[in-house]
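Input: a single structure, listed below in structure tokens.
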Amino acid sequence: MTDILIGLFLLIGGFFALIAAIGVLRLPDVLMRMHASTKAGILGSSLILIGGAIYLSETEITVRVVAIILFLMLTSPIGAHMIGRASVKDLSSKNDSAESGR
Amino acid sequence: MIPTITAGDTLRFVWEWVPSLGVNVSFYIDGLSLTFALLITGIGALVMLYSARYLAGHVHQARFSFYLTSFMLAMIGLVTSDNLLALFVFWELTTITSYLLIGFNHDATKSRRSALQALLMTGVGGLALLAGIILIGTTAGTFEMSEINAMPGVLTGSVMYLPILLLVLAGAFTKSAQFPLHFWLPNAMAAPTPVSAYLHSATMVKAGVYLLARVHPSFAGTDVWLWTLTIAGAVTMVFASVMALRQTDLKLALAYTTLMALGALTLLLGNESGYTITAAATFLVVHSLYKAALFLVVGILDAQTGTRDARQLFGMARAMPITAMAAGIAALSMAGFPPFLGFIGKELKYAGALAVASEPILVAGAVLISSALMVAIAGIVSFRPFWSKSGTPIPDVKEAPWPMLVGPIILALLGAIFGIFPETLQSIVTPTVAAIVGNAEPAKELRLWAGVNLPLFLSIATFVLGFLLYAYKVQLRDWLIGITTRAPSFDNGWDRLMAGVAAGSKALTRGIQTGVLKHYMYVTFATALVALAFTLFTQTSGIPSVSWPQIALWDWLVFLLVLLGTWLTVVTNSRITAIAGLGVVGIGMAMIFILFSAPDVAITQLLVETLVVVLFAAAALKLPELDKDSFGKRPFDALLALGFGVVTTIILMKVTTGPIDRELTTFFETASWPEAFGQNIVNVILVDFRALDTFGEIAVVLIAAISIFALLRAKPEPQAEEDQP
Amino acid sequence: MEQLLSLLIGVLVAASVYLMLARNLLRFLFGLILLSNAANLTIFVAGRLTPGAPPLIPDGVDAPVSEVANALPQALVLTAIVIGFGLFAFALVLAFRAYQSLGTLHTDEMRVAEPKEQK
Amino acid sequence: MNLFLLNLLAAVVWAALWGSFTLFQLTVGFILGFLVLWMLQPLLGGPGSYYLRAYRIVRLILFFIYDLLMSSLRVAYDVLTPTDHSNPKILEMPLDVKSDIEILLVTNLISLTPGTLSLDVTPDRKTLIVHAMFADDPDEVVQSLKNGMERMVREVFE
Amino acid sequence: MSWFLSLPLIIPFLTAIAAYLLRHSASGKWVSVAGSALGLVASIALMAIVLDKGVVAAQMGQWAAPFGITLVADLLSAVMVLITAITGFAVAIYAMGDVTEAQERLGYHGLFQVLLAGVTGAFLTGDLFNLYVWFEVMLIASFGLLVLMGGKEQLDGGVKYVALNLISTIFFLTGIGLLYGLTGTLNFADLALKVEEIENQGLLTVVAMMFMVAFGVKAAVFPLFFWLPAAYHTPSFSVSAIFAGLLTKVGVYALIRCFTLVFDHDIAFTHTILLWVACLTMVVGVLGAAAQSDFRKILSFHIISQIGYMILGLALMTPLAIVGAVFYLVHHIIVKANLFLIAGVAKRLTGGTEVYQIGGLYKYAPFLGVLFLVPAFSLAGFPPLSGFWAKYIIVKATLDIEMWFVAFIALAVGLMTIYSMTKIWAEAFWKNHPDGIEPRMEKLSNKWAQLLPIAGLAVLTVFIGMNPEPFVQFAERSAAQLLDPSDYITAVLGDAQ
Amino acid sequence: MATYVFLDWAISISFVMVMLSLAVAFIRLAKGPTLADRVVALDMMTVSIIAVCGVAAVATGVYALLDVALVLALVGFLATVALARYAERADARRKELTND
Amino acid sequence: MNSVILRAGARLLALLLVIFSIYMLLRGHNAPGGGFIGGLIAATGFVVFAIACGTEDARRALRFDPGSIAGAGLGIALLAGIIAAIFGDNFFTGQWLFINETEDDKGIPLSTVLVFDIGVYLVVLGAVLSITFALEESV
Ligand code: NA
Ligand code: NA
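Protein chains in written order, with the working numbering: chain A, 1 to 102; chain B, 1 to 725; chain C, 1 to 119; chain D, 1 to 158; chain E, 1 to 497; chain F, 1 to 100; chain G, 1 to 139.
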């Protein structure tokens with residue numbers, strides 16, 4: 001039973017992680033892509049970590065997992081804000097031409 | 001001491017110096033050493049007296065005396081050393097002091113050039129001699145010349161004889177300025193005249209002759225020895241005497257006659273007969289006496305009149321009677337007139353030449369020509385400037401002060417005294433000859449009148465020819481100048497050689513040390529690749545086996561991730577993309593560490609990678625964009641890189657085939673908790689088992705921080721700011 | 001797996017050599033990072049690989065009960081990573097200052113210490 | 001949040017990290033926390049006094065988790081279906097919360113809510129710039145944010 | 001006992017920390033001098049012990065070898081440590097007259113002492129990876145010193161120096177990884193035993209080549225020396241003196257250590273390569289010097305050429321050749337450091353180092369002239385100075401095994417060395433200053449701080465030259481230890497092995 | 001037994017998914033086009049790796065992996081911030097230059 | 001960095017990171033962590049802070065000059081090695097003291113090894129900050 005729960009957490013988490021990444025790839029502009037990475041990304045990895053916590057079922061692990069998730073929720077939006085700020089500051093020069101080439 | 005030696009005995013003192021290398025400071029005094037030592041000290045004392053006045057008031061007079069004294073000591077050491085390496089030490093010391101003395105007038109470019117030329121020429125010989133000495137030591141088992149000379153055939157019978165001989169001769173010939181290694185000596189006349197008199201006429205240049213005499217017992221007696229010395233000596237002799245005639249500078253004329261004398265001595269030492277060796281021993285003394293005297297005379301002329309040009313000096317005898325007298329006596333000795341010692345010397349030379357084992361006529365002819373020229377030169381140097389009436393004497397010239405006169409007078413008079421009382425000289429000539437050829441060929445008697453014989457006729461012929469040459473000296477000189485200016489000059493050759501060395505080394509260095517970092521790196525990598533690949537393909541065989549099935553899907557994915565990150569970093573022309581690519585590689589590395597059980601390393605890798613990104617992002621703000629780069633543009637770089645990658649992979653695959661010795665790790669695993677009280681083995685290794693590594697490592701980090709701080713805080717110099725974009 | 005990582009190290013080495021041979025100092029720095037990574041990985045791989053067993057001693061026992069990964073190369077790599085960071089940071093700042101002072105990152109144009117015109 | 005609470009929090013976090021809520025660990029954590037707070041005082045700014053309302057916190061957390069789930073599903077939907085985003089816009093929302101921690105919470109929570117993403121707060125701290133995916137009616141979006149997240153955060157810190 | 005091995009390492013570190021913390025005070029330089037003096041005392045003590053007891057080893061942390069890190073001093077290590085301390089002491093004094101206050105504030109003395117510590121550590125360690133760590137300590141300290149207060153020239157030179165040295169560092173690290181992968185150990189003594197058990201000896205040779213390249217760069221051999229002439233003429237003179245004296249020698253030391261103790265399994269292959277490398281290094285270095293006209297650039301290229309002699313000694317691998325290498329190593333450090341110090345004084349007096357643009361030193365600073373002639377003629381191999389014996393032993397070793405051509409090269413290179421030294425002498429000393437400057441000694445702000453170390457090192461050069469016997473005997477014992485490492489191995493691993 | 005198999009499969013599938021997410025995010029990283037896009041992609045990759053750590057922890061039972069995840073969560077943010085700040089400043093700088 | 005959000009977050013993060021770093025330092029002997037990792041994490045905290053609030057504030061928050069912190073750290077690490085001399089042991093021999101030692105439990109260990117690790121922590125922290133601050137200030 002627990003195994004199934006764990007498995008579900010892992011599967012759903014993996015699914016959201018993948019979705020987030022596809023979002024980052026597919027969505028049309030950088031702000032939209034950020035929506036994907038901040039939301040689905042965090043959810044996906046959090047679910048997987050929770051699955052892990054249940055699987056390993058030790059206080060120490062659980063505490064750690066909670067810490068990771070809180071940390072992600074604290075940092076990821078700040079990161080998004082930083083990126084957003086950078087890309088919005090000047091919408092006209094959004095296409096960073098000098099840096100864009102390969 | 002002197003009576004002991006003249007009685008035919010020898011003295012030997014030994015101090016161990018570097019016994020591990022077989023080097024002793026061992027002094028061996030026999031007739032040969034004594035003769036030289038007496039010449040060195042005797043002439044040396046007179047020259048010093050002379051130069052005390054000659055250089056009076058010169059700012060560097062003290063230095064001069066110091067060099068001269070040092071030279072004298074070195075020279076004495078040279079001629080008394082029994083140990084060949086000790087001899088070599090003194091040999092080189094004379095080279096150095098000679099260098100410093102030739103360059104004494106160091107403001108003049110010519111002096112500096114001459115000094116260098118002398119140093120390098122004798123230096124070449126010195127190095128050859130060193131090699132020769134080493135080989136002698138190896139062949140004979142000792143460096144003590146007295147012991148080697150006591151082992152007949154130890155060298156001549158060895159397979160190494162020829163190389164040893166050639167090396168030793170190279171040393172001797174350069175030092176004694178034998179043709180064609182002679183050209184430094186006339187240039188060495190840039191030195192103050194006392195130096196020319198002492199070093200470059202009487203003593204140092206005779207060190208080569210001394211060496212030939214010293215090794216004579218164990219070297220001579222072979223055809224190579226005979227012919228090399230004879231030919232070199234004869235050619236030098238003739239060439240030098242002709243060149244002497246060509247000179248207008250009296251000092252240079254004397255320099256070339258010195259060359260002639262050195263050639264004569266060399267020629268004579270080629271033989272083993274009592275005549276030739278006696279001739280050599282006598283002529284050695286003769287020449288030293290008259291030549292030093294004449295040099296000093298020329299120095300006086302130069303000092304008192306301001307010129308040494310033969311074409312400007314006439315009838316100075318009235319103003320400088322004492323000098324003129326000294327010059328006259330010395331010149332008569334030089335020209336070989338009786339009753340001066342020069343006459344005995346010349347007679348013995350002829351006798352010696354005729355005693356030469358083969359081709360005596362040819363050799364005697366050479367001696368004849370050179371001796372005749374010597375007569376002419378003697379006239380040019382000491383007759384004309386003092387007695388000739390064909391020009392106006394330089395006005396207001398005074399006699400030189402007495403300390404300058406003592407030397408030439410005594411030296412000249414000695415030539416006369418020994419000529420009249422040859423038995424006084426005999427007492428050291430005999431042991432000298434004995435030292436060279438042993439008692440089997442005893443020294444010949446020195447006599448003014450040896451009876452009517454072939455040498456006497458040759459002497460007379462010499463005078464006749466000499467007078468003729470003197471009479472037609474101007475025509476001859478012009479003719480010679482005409483020839484020699486067209487002929488290639490060794491001195492110019494030297495300049496071309498020096499220029500060639502400079503240009504060649506510059507070209508080579510420009511080709512290697514290009515100043516372009518890319519070249520440096522290319523060569524470095526290429527060298528490493530060649531070294532590794534060559535070794536890999538010649539020293540090992542087989543291809544490493546790869547067991548693919550063991551590799552999990554995860555591993556492939558991580559592999560792919562790192563690959564992609566690397567690819568991105570290489571192909572991008574955007575800095576930030578490259579940094580991101582590196583970040584991906586870093587993350588991939590961390591994942592490898594995670595997958596293969598290295599959490600500490602993974603965490604560190606991630607942290608460090610992040611800091612790298614932070615630093616890059618900060619620095620990139622003030623750095624320019626990347627230029628365009630693509631594979632097509634740098635095919636050779638790509639090839640080198642590819643080769644490097646392939647070789648690295650092969651080596652690593654071979655190294656990791658088979659298990660590793662886990663002795664160390666096993667110890668760490670078992671000792672970590674019970675003995676070092678830690679459960680994280682990696683950390684226990686870091687802070688306990690290998691704490692010293694970690695200590696060094698944090699020192700690196702600290703120093704990096706200090707250095708970076710210093711780099712950033714150091715205020716760039718003003719001109720650097722101007723160029724800032 | 002050692003073989004696969006050997007291959008990977010080869011790729012890293014090739015890429016870094018190619019980058020370091022570029023004339024732009026920044027590319028050199030990129031190459032430097034890659035090469036450092038390759039060297040660290042070499043040590044790691046040379047110590048052989050063990051998945052899923054970090055060199056930690058569980059509570060209550062004196063030594064690892066089953067085989068754990070080779071700890072020594074890990075310690076070495078850790079040291080090398082930190083040292084590499086120090087060196088890299090210096091190199092980066094040096095490039096930065098060189099650019100400020102010399103006005104270029106193009107190594108062909110860095111000819112102050114060894115100027116073109118030699119007397 | 002006053003310093004004492006922060007300190008206590010540090011002690012708890014410490015004990016939690018060790019996985020042992022013993023008196024010893026809590027004490028060590030408290031002392032350590034004190035030291036760190038002392039160290040970091042210049043960056044924490046002046047002390048403020050806040051009443052911690054457990055209920056509101058719990059409510060906020062639950063609301064937030066729900067929102068996060070919803071927004072993730074929304075992203076999933078957008079990603080998996082042919083995209084049609086009628087009206088993405090950048091909006092400005094007046095901010096009533098004042099303290100750092102409130103602003104942080106509000107902006108972070110807004111970012112984790114469906115359709116909106118905090119881009120910036122103006123330097124005067126009075127306006128929040130938000131990127132909204134579906135901003136047919138910008139005012140409505142702003143109002144729902146103010147009444148939702150911001151209000152709840154305000155209440156927590158009242 | 002073990003502390004005698006640790007102290008030469010601890011003292012410079014403590015000094016560095018003290019000097020760094022006092023970097024804004026005037027006492028920093030005195031701390032540096034005092035620390036160097038203490039370090040010298042410790043090195044002398046270590047030398048006395050090694051002379052008395054033979055190879056000594058200390059297990060750091062009391063973890064038995066090969067598990068922990070072992071510090072070990074045989075005669076070679078001890079003499080290198082001693083010579084490092086001597087040079088360090090001399091340069092520390094010299095720095096009082098050479099280093100600016102701004103440089104001191106940026107931490108000059110701390111960096112300098114850490115450099116000494118790194119060099120000392122490299123000489124003392126008996127562990128391959130620990131050697132890498134000391135190499136890095138030394139390297140990063142040298143980076144810092146090179147660019148301290150640097151202008152364009154220093155930065156440019158620094159870029160090349162850093163780039164090439166980093167590459168070599170990574171080669172070294174890779175080599176360590178590979179060797180560990182083959183043997184499972186890092187301790188030199190243990191390696192010496194373990195390499196014999198490797199089945200694939202060819203592969204060991206490949207790994208040996210990795211080390212040869214890595215150390216080759218450090219030692220500045222052909223064709224890996226580029227970094228040296230690119231950078232050594234740029235930093236302050238006390239820095240370039242210590243670089244010139246010590247840094248490349250650490251590479252040579254590492255080559256000697258590794259290629260006598262560990263990689264002696266296929267001498268026919270490895271040492272033949274070393275032989276070629278040595279000859280080319282001698283020739284190219286000396287020709288490079290001939291092409292230069294800058295005081296320090298000439299000296300820099302001569303470092304390369306003389307490294308060739310040392311490598312030659314190692315390549316020949318006969319007892320006498322190793323004696324020569326050891327003797328050369330010791331002699332060269334003293335002489336070359338001194339020449340750079342003299343170049344510093346010359347620069348201060350004449351305003352430059354480009355020999356054609358300066359002059360007058362002999363006339364106005366004759367004492368400096370004498371001080372220059374001693375190391376210069378020693379370098380050129382004139383007797384009775386230290387360089388003569390060094391050259392003599394190497395040439396004899398070459399002739400003993402009838403390598404005529406190699407002997408010819410060694411001698412010819414000696415001649416070219418004379419050429420370069422006299423170029424400096426003739427232009428900077430003999431010639432008048434083209435701008436009429438009178439380079440009088442009074443121009444030095446701290447005359448004795450600069451002249452005393454120069455004089456001291458010159459006296460040492462003359463002393464070794466006049467009294468070479470103990471040094472030759474020492475080198476012989478040292479060579480015997482290197483060629484038969486059983487004492488070394490026993491000292492490190494104990495009798496159990 | 002059946003549940004065991006399910007968990008096994010779940011782990012594998014989950015792993016493949018997070019790895020794929022890594023790869024997909026990488027594509028965005030490579031494509032750009034703007035700096036901000038790349039930073040978003042890198043951020044996404046960081047999150048993916050945290051997920052990988054989680055899955056790997058379950059798969060291997062090595063909870064040290066969670067420490068790695070924790071560190072990554074902490075520092076990944078720093079890289080994002082640094083790069084984003086770079087992007088912003090670089091933009092400003094470029095504008096400055098074009099205005100001059 | 002002129003960002004209200006970042007500044008607010010950075011304060012919190014810095015606090016958490018420093019605490020976390022000390023935790024990683026202290027448990028390093030028994031679980032992943034140690035002086036390096038701890039020092040790097042602590043440095044990360046201050047770097048975040050420096051980016052958000054500027055290096056001037058960060059320097060004030062650090063209270064000591066980072067270079068001096070690193071220097072002191074090296075000194076501490078060195079002393080940890082030298083202390084062994086007092087006990088007649090070799091350089092870098094760990095000295096251990098167990099408080100409350102019982103038969104089952106070793107109690108709370110105090111050791112020079114830990115002191116050494118603290119030295120490592122300080123060096124890494126000080127050095128990394130010295131580098132980043134200096135670079136930040138010159139950009
Ligand atoms: Na061996
Ligand atoms: Na210990």
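All C-beta atoms in this analysis are idealised placements derived from N, C-alpha and C, irrespective of residue type, glycine included.
Model, not experiment: these values are computed from the prediction.
According to DSSP, residues forming a beta bridge with Lys29 (chain E) = Answer is none; Lys29 (chain E) lacks a bridge partner.
Does ligand 3 have even one heavy atom less than 7 Å from the beta-carbon of Phe27 (chain B)?
-> In the structure shown, ligand 3 is absent; the only ligands present are ligand 1 and ligand 2.
Expressed to the nearest angstrom, what Euclidean distance is found between the alpha-carbon atoms of Ala8 (chain G) and Leu611 (chain B)?
-> 22 Å
For Leu623 (chain B), which residues of its own chain have a beta-carbon under 6 Å away from its beta-carbon, when the five flanking residues on both sides are left out?
-> none
Tell me which same chain residues have a C-beta within less than 6 Å of the C-beta of Leu167 (chain B), skipping the five on either side of it?
-> Ala128, Ala131, Gly132
Who pairs with Leu11 (chain B) in a beta bridge, going by DSSP?
-> B:Ile29
Chain G contact for Tyr50 (chain D) (CB, 8 Å cutoff) = Low local confidence applies: a pLDDT of 34 at Tyr50 (chain D) is under 50, so the model's placement there is unreliable, and no value is given.
Can you give me the Cβ contacts of Ala397 (chain E) inside the same chain, cut-off strictly under 8 Å, excluding the 5 residues immediately before and after it?
-> Gly313, Leu316, Thr318, Leu320, Ala321, Val323, Gly324
Taking only beta-carbon atoms, is Ala17 (chain A) less than 8 Å away from chain D?
-> no
By how many angstroms is the C-alpha of Thr97 (chain B) removed from the C-alpha of Ser51 (chain B)?
-> 16 Å
Kindly identify the DSSP beta-bridge partner or partners of Trp184 (chain D).
-> In the structure as shown, chain D begins at 1 and stops at 158. Residue 184 (chain D) is therefore absent and cannot be evaluated.
Taking only beta-carbon atoms, is Tyr132 (chain E) less than 8 Å away from chain G?
-> no
How long is the line joining the alpha carbons of Pro727 (chain B) and Asp3 (chain A), rounded to whole angstroms?
-> For chain B, the structure presents residues 1 to 725; residue 727 (chain B) sits outside this window and is missing.
Counterpart residues of Asn83 (chain B) in DSSP-defined beta bridges = B:Glu144
Out of curiosity, what's the CA-to-CA distance linking Thr228 (chain B) and Ile361 (chain B)?
-> 17 Å
At 7 Å on the CB atoms, spell out the chain G contacts of Thr694 (chain B), in chain order.
-> Val120
How should Ala426 (chain E) be labelled, buried or exposed, when 16 other C-beta atoms within 10 angstroms of its C-beta is the threshold for buried?
-> buried
Since Glu136 (chain E) and Ile83 (chain C) are thought to touch, with beta carbons under 8 Å apart, how far apart are those beta carbons, to the nearest angstrom?
-> 5 Å
Would you report the Cα separation of Ala75 (chain C) and Val601 (chain B), rounded to the nearest angstrom?
-> 8 Å
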